[in-house]
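Taking the working numbering, the leading residue of the sequence shown gets 826, the next gets one more, and so forth.
Glycine residues also receive a C-beta, built at the ideal position from the N, C-alpha and C atoms.
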Amino acid sequence: MNQQLAKKRLGIFSLTCCEGCQFALLKDYISFQKVLEYYDIINFRLAQETNLPGPFDVVLIEGTPESDREIKLLKEIRKESAVVVAIGSCAILGGIQSERNRLPQKYIGSEKVKTIKNVIKVDYEIPGCPIDNTETIGYLLNLYFGKNIELPDYSVCFECRQNENNCLIKTKKLCLGPITRGGCNSVCINGGEACLGCRGATNQANFDKLRETLKSFTDSEEIENILTIYGEYEKDSKDRHDRK
Ligand code: SF4
Ligand code: SF4
Ligand code: SF4
826 MNQQLAKKRL
836 GIFSLTCCEG
846 CQFALLKDYI
856 SFQKVLEYYD
866 IINFRLAQET
876 NLPGPFDVVL
886 IEGTPESDRE
896 IKLLKEIRKE
906 SAVVVAIGSC
916 AILGGIQSER
926 NRLPQKYIGS
936 EKVKTIKNVI
946 KVDYEIPGCP
956 IDNTETIGYL
966 LNLYFGKNIE
976 LPDYSVCFEC
986 RQNENNCLIK
996 TKKLCLGPIT
1006 RGGCNSVCIN
1016 GGEACLGCRG
1026 ATNQANFDKL
1036 RETLKSFTDS
1046 EEIENILTIY
1056 GEYEKDSKDR
1066 HDRK
C-alpha cells in the first residue's frame, strides 16, 4: 500500500444471529490481510480483545436487532459512523429467525423480527448467508477509495447456466434462482442443492412468473414457505419496492 494513504477506522459488529458472517470474513485470513492494509480494525469483538468506541469510517453489522440493548447499540453505531453496511441475510432481510414473524402472535411472545434498515439508515447492503468473503473484501476496498458498493443485478440462473448445471426446476424441484441476486457463482446448485434465495431478490425479479412456474408441480403453501425462508420482506415485488 502507498504509505501516504492513511488507514480508515473499521468496526465490525454483531446483533442477534449465528455470527456466521463474521466468521466468513475470517475464513481466508490471507485475503483478510488485504483489509488490514487499508483499515485499522477499531472494534471487532469476535477477533480481538481490545475494542475501542467510534468514530468509525466504515462499520459492518450482521444480525437482527432484537433487544432494547441491541437497538440502542445500533443507534449509537449510526451516530458514530460515516458509512454503515448491513451484512448477511439476517441484517438485510430478517434471515432465518424472521420465520418467527409468520407465527400467530400468541406463539411469538415478543415483537416481530426487524431488519437493521427498520431501525437506522443503512448506506449499503452485502447479501448472503453467510456473506462471501472475497466479495466483501472487494467492497471494503471500494469503500476505502470512495467508490459505491454496486451489487450484481443478474439472477443466480445466469451463473448456474454458465456453470452448465442441469436445471432443477425442470426436474420439478423448487429453486429460487430465477428471482435471486447472483454473485455466489450458483454455489448451492453446483453442489446439487436448490437456491433458497439467501442473497435476496434482483431488482427485476418477477415473483408472479416464478410462482406460476412452480405451481405446475407444487402447492402455494410450499411456494410461500420457500419464498420466505430468508425473510418475508422479499416475498413479492410490492413489499420489496415499499421497503426501499
Ligand atoms: S446471514 Fe446467515 S451466516 Fe450470517 S449471521 Fe445470519 S444466519 Fe448467520
Ligand atoms: S437450477 Fe435453479 S438457478 Fe439453476 S437454472 Fe434452474 S432455476 Fe436457475
Ligand atoms: S445459490 Fe442461492 S441460496 Fe445458494 S448461496 Fe447463492 S443465493 Fe444463496
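At the level of alpha carbons, what is the spacing between residue i and residue j?
| i | j | result |
| --- | --- | --- |
| residue 955 | residue 871 | 16 Å |
| residue 869 | residue 1053 | 31 Å |
| residue 873 | residue 854 | 14 Å |
| residue 1143 | residue 945 | Limits of the chain in this structure are 826 at one end and 1069 at the other, which puts residue 1143 out of reach. |
| residue 986 | residue 1001 | 14 Å |
| residue 1075 | residue 851 | It is not possible to answer for residue 1075, since the shown part of the chain is limited to 826 through 1069. |
| residue 976 | residue 1041 | 32 Å |
| residue 1076 | residue 960 | Residue 1076 is absent from the model: the chain starts at 826 and stops at 1069. |
| residue 925 | residue 1056 | 10 Å |
| residue 991 | residue 978 | 22 Å |
| residue 927 | residue 1049 | 11 Å |
| residue 1009 | residue 989 | 15 Å |
| residue 972 | residue 1017 | 36 Å |
| residue 1015 | residue 843 | 25 Å |
| residue 1046 | residue 967 | 41 Å |
| residue 1031 | residue 997 | 19 Å |
| residue 830 | residue 876 | 23 Å |
| residue 856 | residue 865 | 16 Å |
Starting from the Cα of residue i, find the closest Cα among the options and give me that residue.
| i | options | result |
| --- | --- | --- |
| residue 892 | 972, 910, 941 and 968 | 941 |
| residue 981 | 1022, 963 and 957 | 1022 |
| residue 1044 | 1016, 876 and 999 | 999 |
| residue 905 | 1050, 1046 and 885 | 885 |
| residue 1029 | 968, 1007 and 1038 | 1007 |
| residue 939 | 952, 970 and 919 | 919 |
| residue 878 | 889, 894, 898 and 890 | 898 |
| residue 1019 | 957, 969, 971 and 1051 | 1051 |
| residue 943 | 903, 1038, 860 and 830 | 903 |
| residue 900 | 1031, 914, 1047 and 838 | 838 |
| residue 914 | 830, 856 and 845 | 845 |
Looking at residue j and residue i, is the spacing between their C-beta atoms short of 8 Å?
| i | j | result |
| --- | --- | --- |
| residue 911 | residue 936 | no |
| residue 907 | residue 887 | no |
| residue 896 | residue 881 | no |
| residue 952 | residue 836 | no |
| residue 863 | residue 969 | yes |
| residue 1011 | residue 984 | yes |
If you reduce the DSSP assignment to three classes, tell me which class residue i lands in.
| i | result |
| --- | --- |
| residue 875 | coil |
| residue 869 | strand |
| residue 957 | coil |
| residue 1033 | helix |
| residue 1066 | In this prediction, residue 1066 scores a pLDDT of 48, lower than 50, which makes its location untrustworthy; the coordinate-derived value is nonetheless stated afterwards. In this structure, residue 1066 counts as helix in the three-state DSSP scheme. |
| residue 889 | strand |
| residue 1129 | This structure does not reach residue 1129, given that the chain is present from 826 up to 1069, and the question cannot be answered. |
| residue 837 | strand |
| residue 896 | helix |
| residue 916 | helix |
| residue 906 | strand |
| residue 983 | helix |
| residue 950 | strand |
State the CB to CB distance for the pair residue i and residue j, rounded to an integer number of angstroms; the pair is presumed to be in contact (CB under 8 Å).
| i | j | result |
| --- | --- | --- |
| residue 883 | residue 833 | 6 Å |
| residue 889 | residue 847 | Contact flag wrong, Cβ pair sits at about 14 Å. |
| residue 1027 | residue 1004 | 7 Å |
| residue 957 | residue 909 | Actually they are not in contact, since the Cβ atoms of residue 957 and residue 909 sit about 20 Å apart, beyond 8 Å. |
| residue 962 | residue 860 | 6 Å |
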